[in-house]
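Everything on this sheet refers to the single structure shown next.
Residue numbers (the working numbering): 2 to 302.
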């Protein structure tokens, strides 16, 4: 990317590659980071060693879920608080899970790719989600008791993982009752089983089938200037767009016209707290006040 115009054009070319295709997007402030869930990242001891397998992921996942239930988390949801719901709840509050935060809106993900670390390039990831199954965090049919009387909350998550294993593809998790932050970010989650073979393209722990890379010529035809050209790829299962460090601030400024700013992306107390601690909040000039010691009018009844 040489300019902000190229970045926005590349996004729209992916969106309009073929009618009926659906993408989810993820932004990362550093292009050096690999795409991996927080739980997988936590379990990696040495980068030179083999990645944790699905069994180890599942063991730690269940241990966290069971401890969370004993802690009393999500108890207000009663029977609706399935493992899948609780997993999404934990992810939202920063606990390590197998879920990856993604958004339906590429402009939201682009903002996250440019929101900080202006000394390093950011990355915007596009995942073709057209054929991926989507599971709500609250099962409207309440099927969690089917065949799992000993563990009635486990069904939805176990079913999603089993289907991921059978068909070697990820799945999406959609918050049934999104909170203010999820609504603002048009957020959902991407997840799946840990594949038995390494996945190329800088992706770890997701069973994504990338196929044959399109090559430089087809990508040039897709992202080139002017009208869309012949020779572009027929599909794009996964794409990573690198945003140069020098463009981050410029892109952020342009995104304010699309109502993408920190107060919009994090419209809750936690967001305000983190912005305040990170010096992102510009306080108004200190007002003139009357000290409580001298505020005689406040003492009148």
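We put the CB at the ideal spot given by N, CA and C, even for glycine.
All of these numbers come straight from a predicted model, not from anything done at the bench.
In its own chain, which residues sit with a C-beta less than 8 angstroms from the C-beta of residue i, not counting the 5 before and 5 after it?
i, result
"residue 1", "Lying before the first or after the last residue shown, residue 1 is absent from the chain, which here runs from 2 to 302."
"residue 115", "28, 30, 123, 244, 248, 249, 250, 252, 253, 256"
"residue 59", "162"
"residue 259", "108"
"residue 129", "22, 23, 24, 236, 237, 238, 239"
"residue 32", "121, 122, 123, 124, 241, 243, 244"
"residue 179", "188"
"residue 4", "248"
Give every residue of the same chain whose Cβ lies closer than 6 angstroms to the Cβ of residue i, excluding the five residues on either side of it in the sequence, and list them in chain order.
i, result
"residue 282", "276"
"residue 230", "222"
"residue 113", "28"
"residue 284", "none"
"residue 297", "none"
Please check the pair residue i and residue j, which I expect to be a contact at CB under 8 angstroms, by giving their CB distance rounded to whole angstroms.
i, j, result
"residue 44", "residue 57", "6 angstroms"
"residue 125", "residue 111", "5 angstroms"
"residue 119", "residue 8", "Not really, about 15 angstroms apart at Cβ, beyond 8 angstroms."
"residue 203", "residue 165", "Incorrect: roughly 20 angstroms between the Cβ atoms, too far for contact."
"residue 133", "residue 173", "5 angstroms"
How about residue i and residue j: are their beta carbons less than 8 angstroms apart?
i, j, result
"residue 187", "residue 106", "yes"
"residue 97", "residue 40", "yes"
"residue 208", "residue 171", "yes"
"residue 26", "residue 127", "yes"
"residue 211", "residue 201", "yes"
"residue 175", "residue 131", "no"
"residue 191", "residue 270", "no"
"residue 14", "residue 224", "yes"
"residue 159", "residue 272", "no"
"residue 177", "residue 84", "no"
"residue 205", "residue 36", "yes"
"residue 99", "residue 169", "no"
In chain order, what residues of the same chain have a beta carbon less than 7 angstroms from the beta carbon of residue i, not counting five sequence neighbours either side?
i, result
"residue 72", "none"
"residue 219", "232, 233, 234"
"residue 148", "Bear in mind that a pLDDT of 48 at residue 148, under 50, signals an unreliable position, so the number given afterwards is only what the model happens to contain. So no residue of the chain qualifies."
What residue range does the alpha helix (DSSP H) around residue i cover?
i, result
"residue 107", "107-115"
"residue 220", "217-224"
"residue 182", "181-186"
"residue 14", "5-16"
"residue 160", "156-168"
"residue 102", "First-last for residue 102: 101-104, but that is the beta strand (DSSP E), not the alpha helix (DSSP H)."
"residue 56", "55-72"
"residue 175", "First-last for residue 175: 172-175, but that is the beta strand (DSSP E), not the alpha helix (DSSP H)."
"residue 275", "270-278"
Where do the ends of the beta strand (DSSP E) carrying residue i lie?
i, result
"residue 39", "Careful: residue 39 lies outside any beta strand (DSSP E), inside the alpha helix (DSSP H) at 39-44."
"residue 123", "123-129"
"residue 86", "Here residue 86 belongs to no beta strand (DSSP E); instead the alpha helix (DSSP H) covers 84-93."
"residue 21", "Where residue 21 is concerned, there is no enclosing beta strand (DSSP E), given that its DSSP letter is neither H nor E."
"residue 136", "135-137"
Which runs of the alpha helix (DSSP H) at least 4 residues long sit entirely within the segment 197-267? Give them in chain order.
217-224, 249-256, 263-266
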